[in-house]
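**Student:**
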Amino acid sequence: MSDQDLKDSKNKVPQKQTNKGFVQKIFHILVIESCFIFNQKLSNKICLFMVISSITWLVLFILFDQAALPGGSYFSIWTLVTCSHVLGFFFQTVKMPSLLGMLITGIVFKNVPVLSIIGSSIDSKTSSLLRNMAFCVILCRAGLSLDIDKLTKMKFKILKFSVIPCLVEAFVFALAAIFILKLSFKWALLMGFVISGVSPAVVVPLMIQLQETGLGVAKNIPGFIIAASCIDNIIAITGHSLMIGIVFNQGEIWWTLLQCPLQILAGLIFGIAVAFFFSIFRLEHKISKVSLRFIVLFLVSLIAALGFKKINYATAGPLAVLTMVIVSKIIWQKVDEHLLNKLTSDQDVVKEKISIDQKKLDEKSFLCISWIPKATVQAAVGSIALDLAKLYHMPLEIPTDILNIAVLSIVATAPIGTILISLSAGKLLQSEQSSVGSSA
Numbered sequence: 022m023s024d025q026d027l028k029d030s031k032n033k034v035p036q037k038q039t040n041k042g043f044v045q046k047i048f049h050i051l052v053i054e055s056c057f058i059f060n061q062k063l064s065n066k067i068c069l070f071m072v073i074s075s076i077t078w079l080v081l082f083i084l085f086d087q088a089a090l091p092g093g094s095y096f097s098i099w100t101l102v103t104c105s106h107v108l109g110f111f112f113q114t115v116k117m118p119s120l121l122g123m124l125i126t127g128i129v130f131k132n133v134p135v136l137s138i139i140g141s142s143i144d145s146k147t148s149s150l151l152r153n154m155a156f157c158v159i160l161c162r163a164g165l166s167l168d169i170d171k172l173t174k175m176k177f178k179i180l181k182f183s184v185i186p187c188l189v190e191a192f193v194f195a196l197a198a199i200f201i202l203k204l205s206f207k208w209a210l211l212m213g214f215v216i217s218g219v220s221p222a223v224v225v226p227l228m229i230q231l232q233e234t235g236l237g238v239a240k241n242i243p244g245f246i247i248a249a250s251c252i253d254n255i256i257a258i259t260g261h262s263l264m265i266g267i268v269f270n271q272g273e274i275w276w277t278l279l280q281c282p283l284q285i286l287a288g289l290i291f292g293i294a295v296a297f298f299f300s301i302f303r304l305e306h307k308i309s310k311v312s313l314r315f316i317v318l319f320l321v322s323l324i325a326a327l328g329f330k331k332i333n334y335a336t337a338g339p340l341a342v343l344t345m346v347i348v349s350k351i352i353w354q355k356v357d358e359h360l361l362n363k364l365t366s367d368q369d370v371v372k373e374k375i376s377i378d379q380k381k382l383d384e385k386s387f388l389c390i391s392w393i394p395k396a397t398v399q400a401a402v403g404s405i406a407l408d409l410a411k412l413y414h415m416p417l418e419i420p421t422d423i424l425n426i427a428v429l430s431i432v433a434t435a436p437i438g439t440i441l442i443s444l445s446a447g448k449l450l451q452s453e454q455s456s457v458g459s460s461a
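The structure is reproduced here in structure tokens:
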């Protein structure tokens, strides 16, 4: 065989391997990554969830008979929960918030003609109860995630990066609603507080990923963002609750102005009283005192939220829940400082020192980008005005617009914010190794 033939044979082999590798890569992208059957982690997760979901449906069928069959309210709730979680799993695999997949599921089941029978089978009282339960869970998580001792050390830093942005954003949205939607100031400010809250459901997992990779860890930027986002949520929820009390108070103006501090005072007194009542009964159990205390907190928070709403003190409910959770956590931590580690282990967010005053422009830009995603507060409180308008037989046009804008803000900002945070983190934040090297 000549030297030329040997060269040709050597050139042909890599070409075949290259073609074969290219085909395998295309097959991997189109088939393996696109179909969940080949994704072992996702398929195992979905299979386990479907088994649990099927068992749940059998229990519902045995207990409620016809209501658990197609067309019944329990079947509709079961279908909605199952499909929303499955779609949420898919969104997680592409590094998107699972809440976005659940939201799309709800929109489809409510508006697509073939599937709308499932959405319409759930009566308004049941859906309102489920939303209130979700709202109470969010309030409990927001309160439990705060470390009061360490947050007090930051003082003006937290005020600068959580309270002020939330209030400014709420008033900017309110002004936009006044000029664009022609809303009154109180309705516009109510809408502003609905939209102003950043989403911990989107931000917290992304910040935890940054902590694991070491980006921004030297200055504890991810931890600071998590803490500030929780306080931002509390400010947004509190402002929304105050505006709900003002908008839906049907008395005189002077009585409306008097009701606001009265409702705030009632919520604070209720929360502190219940927290100290919990401190008397330590609520310990052999199995898990953490789980027991969380269940009790959730149930009492549900009583507070629904109970105050029944006596037309809607503002007092969320404030009572937040006060109760925060004060209970402070008391229980003094009794047992490791009590709530299980509930807040993924949110140990504040270190002893946070260099926030001397940040570079790119790090400040990353803080601004982290405030883009909206989801948690909007999904929880977006429909409260509509529920109260139905309860008081008021016009539904403005509350419906607020709900639609809240949903639109989730769809528009959650994916964009997730993508921008993921792409900008590597460019705007320093890794732990590089920061150590530069300081050395």
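Plus 21 on top of the position in the sequence shown (first one is 1) and you've got the numbering used here.
The beta carbon of each residue, even a glycine, is placed where N, CA and C say it ideally should be.
Alpha helix (DSSP H) containing V135: first to last residue?
**Tutor:** Unbroken run through V135: none, as it is neither H nor E.
**Student:** Quick check on the DSSP output: the alpha helix (DSSP H) that includes G260 runs from which residue to which?
**Tutor:** I242 to V268
**Student:** From Q280 to D253, what does the alpha carbon distance come to, in whole angstroms?
**Tutor:** 25 Å
**Student:** Who are the near neighbours of S112 in its chain, counting only those whose CB is closer than 8 Å to its CB and skipping five residues on each side?
**Tutor:** According to the sequence shown, residue 112 is Phe rather than Ser. Here the set comprises P118, S119, L121 and G122.
**Student:** May I ask you to verify whether the region 284-304 touches the region 336-347, counting CB pairs closer than 8 Å and requiring at least 3?
**Tutor:** yes
**Student:** According to DSSP, is L236 helix, strand or coil?
**Tutor:** strand
**Student:** What is the DSSP secondary structure of S452, reduced to helix, strand or coil?
**Tutor:** Reduced to three states, the DSSP call for S452 is strand.
**Student:** For the alpha helix (DSSP H) containing F182, name the first residue and the last one.
**Tutor:** Premise fails: F182 is in no alpha helix (DSSP H) and is neither H nor E.
**Student:** How about F214 and G288: do their beta carbons lie closer than 8 Å?
**Tutor:** no
**Student:** Using only alpha-carbon positions, find the residue among I138, M415 and A341 that is nearest to G164.
**Tutor:** Distance check between G164 and each of I138, M415 and A341 places A341 closest, using alpha-carbon atoms only.
**Student:** Please work out which residues of its chain come closer than 8 Å, Cβ to Cβ, to F82, disregarding the five sequence neighbours upstream and downstream, and give them in chain order.
**Tutor:** Hits under 8 Å: A89 and L90.
**Student:** How is the alpha helix (DSSP H) around I393 delimited, first residue to last?
**Tutor:** It is not in any alpha helix (DSSP H) - I393 carries neither H nor E in the DSSP assignment.
**Student:** If we ignore side chains and look at the alpha-carbon of each, how far apart do G328 and L236 end up?
**Tutor:** 45 Å
**Student:** Could you tell me the alpha carbon to alpha carbon distance between W392 and K240, rounded to whole angstroms?
**Tutor:** 18 Å
**Student:** Nearest CA to the CA of I313: which residue from W353, F96 and D86?
**Tutor:** Note on identity: in this sequence residue 313 is Leu, with Ile being the wrong assignment. Of the candidates W353, F96 and D86, the one whose C-alpha sits nearest the C-alpha of L313 is W353.
**Student:** Should the region 404-418 be called in touch with the region 441-448, which here means at least 3 C-beta pairs below 8 Å?
**Tutor:** no
**Student:** Let me make sure I understand the geometry here. Which of F182, N425 and F200 has the alpha-carbon closest to that of I246?
**Tutor:** Nearest C-alpha to I246: F182.
**Student:** Could you pull the start and end residues of the alpha helix (DSSP H) that V115 belongs to?
**Tutor:** Note, V115: premise wrong, no alpha helix (DSSP H); not H, not E.
**Student:** Are there 16 or more other CB atoms within 10 angstroms of the CB of I128, so buried, or fewer, so exposed?
**Tutor:** exposed
**Student:** Cα separation between L211 and T77?
**Tutor:** 38 Å
**Student:** Would you call G292 buried or exposed, if buried means 16 or more other Cβ atoms sit within 10 Å of its Cβ?
**Tutor:** buried
**Student:** Tell me whether the beta-carbon of S486 lies closer than 8 Å to the beta-carbon of K411.
**Tutor:** Here the chain has residues from 22 to 461 only, and residue 486 is not among them.
**Student:** Over the uninterrupted alpha helix (DSSP H) stretch that includes S217, give me the two end residues.
**Tutor:** F206 to S217
**Student:** Which first and last residues belong to the alpha helix (DSSP H) in which A406 is found?
**Tutor:** Run containing A406: I405 to L412, per the alpha helix (DSSP H) assignment.
**Student:** In whole angstroms, what separates the C-alpha of L441 from that of A155?
**Tutor:** 28 Å
**Student:** Would DSSP call G338 helix, strand or coil?
**Tutor:** Residue state, collapsed to three classes: helix.
**Student:** Quick check: what's the CA-CA separation for P221 versus Q399?
**Tutor:** 11 Å
**Student:** Could you pull out every residue in the same chain whose Cβ sits closer than 6 Å to the Cβ of S55, ignoring the five residues on either side in sequence?
**Tutor:** Residue placement at S55 cannot be trusted, given a pLDDT of 49 that sits under 50; what the coordinates show is reported in the next sentence. Cβ within range, chain order: n/a, list empty.
**Student:** Excluding sequence positions up to five away, which residues of its chain have a Cβ less than 7 Å from the Cβ of L424?
**Tutor:** G403, S404 and L407
**Student:** Would you kindly work out how many angstroms separate the C-alpha atoms of L360 and I159, rounded to a whole number?
**Tutor:** For L360, the predicted model reports a pLDDT of 43, less than 50, meaning its position is unreliable; a value from the coordinates is still stated below. Their backbone Cα atoms lie some 20 Å apart in a straight line.
**Student:** Can you tell me the Cα-Cα spacing of T234 and S452, whole angstroms?
**Tutor:** T234 and S452: Cα-Cα distance of roughly 8 Å.
**Student:** Take the Cβ of A433 as the centre, count every other Cβ of all protein chains shown within 10 Å, and call the residue buried at 16 or more, exposed below.
**Tutor:** exposed
**Student:** If we ignore side chains and look at the alpha-carbon of each, how far apart do L364 and I316 end up?
**Tutor:** Low confidence applies to L364: its pLDDT is 43, below 50, so where it sits in the model is not reliable, and the reading given next is rough at best. For L364 and I316, the distance between alpha carbons rounds to 12 Å.
**Student:** Is it true that the CB of G266 sits closer than 8 Å to the CB of A195?
**Tutor:** Going by C-beta atoms, A195 is not nearer than 8 Å to G266.
**Student:** From this set, I390, T114, E418 and Y413, which residue's C-alpha is nearest L444's C-alpha?
**Tutor:** I390
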